[in-house]
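Colleague: Going by the UniProt record's numbering, the sequence shown opens with residue 1, and the numbers climb by one from there. One structure follows; several queries about it will come next.
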Amino acid sequence: MRIAGAALNQTPIDWQNNLRNIQEAIQVAKDSGVELLCLPELCLTGYGCEDLFLHDWLSEAALDYLQQVRQWCTDPNMVVCVGLPVRLNGQTYNTACVIREQQIVGFAAKQFLANDGVHYEPRFFTSWRPGTTATFSHNGEEYTIGDLVFEHLGVRFGFEICEDAWRPAADRPAGRLKPRGVQLIVNPSASHFAMSKTDVRYQLVLKGSRDYQVTYLYANLLGNEAGRITYDGEILIARNGQLIKRNQLLSFKNVDLEYADVDFGQEPAVTQEITPLPTPDEYRELNQALSLALYDYMRKARSKGFVLSLSGGADSCMCAVGVAEMVRLGVQELGVEEFMRKAGNFSDDDIRFAMEYGQLPGAAPIEAVATADAGTRVQAVSHPAQQVTGNERLTLDQQLTRRLLTCAYQGTVNSSDDTYLSAKEVADNIGAVFFSWDIDQEVKGYTSKIEQALGRELTWKTDDLTLQNIQARVRAPSIWMLANVQNCLLITTSNRSEAAVGYCTMDGDTAGSISPIAGVDKAFVKQWLVWAEAELGYAGLHRVNNLAPTAELRPLEDKQTDERDLMPYPLLNRIERLAFYERLSPQQVLARLGAEVDNVDAEQLKTYVRRFYQLWSRNQWKRERFAPSFHLDDYNLDPRSWLRFPILSGGFTDELKAL
C-alpha cells in the first residue's frame, strides 16, 4: 500500500485557507497514487481554537465543511484521514475522520489529552474511553465514533492521535490495537516545535513501530498556526523499527506531502536498535523556526512588515537578523515570486518587476557586467549577508528585507558610539531601512515636569530606576508611531532571562506587537549571534559580538552592564531552569548549584539565589503583559503557553530565610 502523510499550514477558523490546503493535499496524493493519506490533528478547524472548542457551533460548522472534503475523496483506492472536533452532549472530542469514496467510514477519537507545557487540552476536550463506541447523527446521516479499527485494501489500521503515543506503554492505544489485528497505526498530530524535540519524536515513532511490530505513519501540523506555537511539519513512516521516510522540517510551503510503499504481505526483521539521528544543530533549528514563525505571523496578521527599535545590543540585532533570515530562507525554498505573493504585502507590479529585472521598483540601477562571451549578465551577490555600503547595489534579498524591516536607533547622552555603530552596521548588512534620532529633549521634558511637580531635582543618587525607565519609555511613542504609519508589526526584543527577573521597562523596551525571542535565554542569544556571524556570514554582527550586554540607561562613566546589575547570565539561566523547569525549592536550587559551581563562593551564591527569587516574584505582572512570544525552547515563561505563577504572592519569604 502507498501511504502518505501531509503537513499542513493551517490557521484557526480560517476555513477557506484550511480547506484549500486539505484539497491540495488530497489532489497531490491522488496524483501520486497514494492509497492512504493522513492529515494532521484538527486540521479542519485548526488546533489552536482554544475556548472556541467549547462552542456548539464550531463543531457543527466543522461537520458541515467536512461534507466539502468528502466530495474531493473520489478515488475508490484511497482513504483520507481528516482531523476535526466532534461535540456530543456538551462534550467535545478530538477525532480523526476516515473517508473513502466520498463516504464517511467513522470517527476515531483521542483517548489521552495533553495537559503539560504549552497544552491545556482537558479544558477543551473530553478523553474517549478505550474499548467503547457510540453513534451520532448530522444532517440526517448516522456516524460511528470511538475506539475504532478500520480496513482498507486488506490492511487493518487504527489510530493514536498525538498524545496517545506519548503515554506509558501500559496505557498506549497501540498496545490494545495490535491484538485486534492492526498492521498500521496512523498518528495525526499537532506536536509543537522545540529545539531538539524532533529526536524524541523520532525515537517515539520508531520504537512504537518496533515494539508493536507495525507500520507507523505520523503527520504533524506545520508553521506558526495561531501566534505563539510553531509546528515543524514532521512526517515519519517507520516499520518494525526501521525508518522508511522522513521529511525536511519547518518548510515554508502550505502543504508538504511524503509517501512510501509498504508491502504488508512481507514481514521484515524487527530492528533491535533504533538508529539515532545526528546531534541536532540547535542554532540552525532555531534559525529555521524563528524565520518561519515570523513569516507566518506577518502574513496571517496581514501586516506590511516589521519595525524595530535597533539599539545595537544583542537582542535587537538577533531580531533584525531573524527578519533577514526569514527572507533568505523563504526565498530559497519558495522562490522569489511565491515568497512575495504568499507574504501578501507586495503588489502585482512589485512581483512582475522583481521577476523581470531581479530587483524591486525604486532600487538602485542594476550594473551590467561583461561576460567572457561578450554578453551581459546581472551582477549577483550569492548571499544576502555580504557587507553592503551605500555605494553598492543591494541584492534582491536585501531589497526584500528593506521593504519588510524598518529600524531606528534612538540614542541619548548615555548611548555610546559602539552601540550606534553596531546598529548601523547590522542594518546596512541586511539591507534594512535605518533611522537614527535622539530622545534627550523628550526625556528632559518629562523629567522637568516631575521635578516641577515635586519641587525637587531628580538625581541618579536618589532616583536611579526612575531616570533609567523614563529613557526606555520615551522611546516607545516614536517607534510605535513609525509602526502605525507603515501598518507594520512592532518587534519588542526582550529575552527569557530578562523576563525571569523583570529586567525591562514596561511600556518602554517591552512595547510591541510581538516578542519573537522572549522564549530564548540571553546566553543562547549571544551564542547564536556568534554562530550567525561565522556560519551565515553576517559580518555586521562583528561589533555586537564583542560588546558586553548593557541597557545604556545610566551615565556612560558608570559603565553599566547587565551582568553587573543582575548576575552572570549562565548562572541566572541555571537558577531559573532548576526553579521552574525542574520545579525545585530555593533550598534545593542552592544545594544543586553548590555541587555544580566552583567559581562562585557560597555567600555570593546565596545572594544570587535570593536576588533571583525576589526579582522573579515581584515581576509576574510584567510577564503577564509581554507581547506574544514564540515557543522555541523546551519551555518558556509565557503564562499563556507554559508557566503560570501568581501576580501577588509571599515572594518565597520563608524559603529564602531558610537559606
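Yeah, the Cβ is synthetic: ideal placement off N, Cα and C, and Gly gets one too.
Taking 8 Å as the cut-off, decide whether the C-beta atoms of A511 and A476 are in contact.
Modeller: Contact: yes.
Colleague: Exposed or buried, what is G650 when buried is set at 16 or more other beta-carbons lying within 10 Å of its beta-carbon?
Modeller: By the 10 Å Cβ count, G650 comes out exposed.
Colleague: Which of the three DSSP states, helix, strand or coil, is assigned to Q67?
Modeller: Note: Q67 maps to helix in three-state DSSP.
Colleague: Please say whether R299 and G358 have beta carbons closer to each other than 8 Å?
Modeller: Contact: no.
Colleague: Let me know if L482 comes out buried or exposed under the rule of 16 or more other beta-carbons within 10 Å of its beta-carbon.
Modeller: Buried: at least 16 other Cβ atoms inside 10 Å.
Colleague: Between which residues of its own chain and A114 is the CB-CB distance below 6 Å, once the five residues before and five after are set aside?
Modeller: For A114, where only same-chain residues beyond five positions count, the Cβ hits under 6 Å are E121, E163.
Colleague: Please report the residue range of the alpha helix (DSSP H) in which V186 lies.
Modeller: Taken as a continuous stretch (DSSP letters only), V186 belongs to no alpha helix (DSSP H), being part of the beta strand (DSSP E) at 184–189.
Colleague: Can you find the residues in the same chain that come closer than 7 Å, C-beta to C-beta, to Q620, ignoring five residues on each side of it along the sequence?
Modeller: Here the set comprises F645, P646, I647.
Colleague: For A169 and G241, what's the separation of their Cα atoms in angstroms?
Modeller: Taking the straight line from one Cα to the other gives about 16 Å.
Colleague: Secondary structure at A245, three-state DSSP: helix, strand or coil?
Modeller: The displayed chain sequence assigns Lys, not Ala, to residue 245. Three-state DSSP puts K245 in a strand.
Colleague: Do V82 and A61 count as a contact pair if the criterion is CB distance below 8 Å?
Modeller: No, these two residues do not count as a Cβ contact at 8 Å.
Colleague: For A427 and L19, I'd like the C-alpha separation in whole angstroms.
Modeller: The alpha-carbon atoms of A427 and L19 are separated by roughly 40 Å.
Colleague: Mind checking whether E234 and L249 have CB atoms under 8 Å apart?
Modeller: Closer than 8 Å, so yes.
Colleague: With DSSP as the reference, label R543 as helix, strand or coil.
Modeller: If DSSP states are grouped into helix, strand and coil, R543 belongs with coil.
Colleague: Kindly indicate which three-state DSSP category E457 falls into: helix, strand or coil?
Modeller: In the structure shown, E457 sits in coil (DSSP, three-state: anything other than H, G, I, E or B).
Colleague: Give the C-beta separation of R201 and Q183 to the nearest angstrom, bearing in mind that I take them to be a contact with Cβ-Cβ under 8 Å.
Modeller: In fact, because the Cβ distance is near 22 Å, the residues do not count as touching under 8 Å.
Colleague: Among all the DSSP beta bridges, which residues are the ones paired with R100?
Modeller: Beta-bridge pairing links R100 to V79, Q103.
Colleague: I need the DSSP call for W642, collapsed to helix, strand or coil.
Modeller: Here W642 sits in coil by DSSP.
Colleague: Could you check which residue in D64, N495, A523, L656 has the C-alpha nearest to that of A627?
Modeller: Measuring from the Cα of A627, the nearest candidate turns out to be N495.
Colleague: Please list, in chain order, all residues of the same chain as R341 whose beta carbon is under 7 Å from its beta carbon, the five residues on each side excluded.
Modeller: So the list reads I351, once near-sequence residues are dropped.
Colleague: Quick one: what's V86 bridged to in DSSP?
Modeller: DSSP output for V86 lists Y93 as bridge partner(s).
Colleague: Entirely within the segment 434–488 and at least 4 residues each: give me those alpha helix (DSSP H) ranges in chain order.
Modeller: Segments of the alpha helix (DSSP H) lying fully in the segment 434–488: 440–454, 464–486.
Colleague: Between which two residues does the beta strand (DSSP E) carrying D232 extend?
Modeller: That run of the beta strand (DSSP E) goes 230–232.
Colleague: Would you call the segment 408–426 in contact with the segment 450–459, where contact means no fewer than 3 C-beta pairs closer than 8 Å?
Modeller: Too few Cβ pairs lie closer than 8 Å, so no.
Colleague: Please confirm whether D116 and T132 have their CB atoms less than 8 Å apart.
Modeller: Contact flag unset, no.
Colleague: Using a Cβ-based criterion (distance less than 7 Å to any ligand heavy atom), does D521 qualify as near the ligand HEM?
Modeller: Questions concerning the ligand HEM fall outside what the structure shown contains, since it holds no ligand whatsoever.
Colleague: Tell me, please, which residues DSSP counts as bridged to E151.
Modeller: Per DSSP, R156.
Colleague: Is it right to say G531 is buried, meaning 16 or more other beta carbons lie within 10 angstroms of its own, or is it exposed?
Modeller: The sequence given here places Trp at residue 531; Gly does not occur at that position. W531 comes out buried.
Colleague: Provide the residue(s) that pair with N220 in DSSP beta bridges, ordered along the chain.
Modeller: N220 is bridged to S189.
Colleague: Please say whether R592 and L584 have beta carbons closer to each other than 8 Å?
Modeller: Yes; because the gap between Cβ atoms is below 8 Å, this pair is in contact.
Colleague: Do the CB positions of E655 and P586 come within less than 8 Å of each other?
Modeller: It is a contact, given that the beta carbons lie within the stated cut-off.
Colleague: Give me the DSSP bridge partner(s) of S309.
Modeller: Partner(s): A408.
Colleague: Under a three-way DSSP split, which group does A523 fall into?
Modeller: It is helical.
Colleague: Closest by CA to G519, which one among Q560, T492, A539?
Modeller: That would be T492, whose Cα lies nearest to the Cα of G519.
Colleague: Do N220 and D232 come within 8 Å of each other at the CB atom, strictly closer than that value?
Modeller: Contact flag set, yes.
Colleague: For W72, which residues from the same chain have a beta carbon less than 7 Å from its beta carbon, with the 5 sequence-adjacent residues on both sides left out?
Modeller: Closer than 7 Å at the Cβ level, and outside the excluded window around W72, lie Q23, I26.
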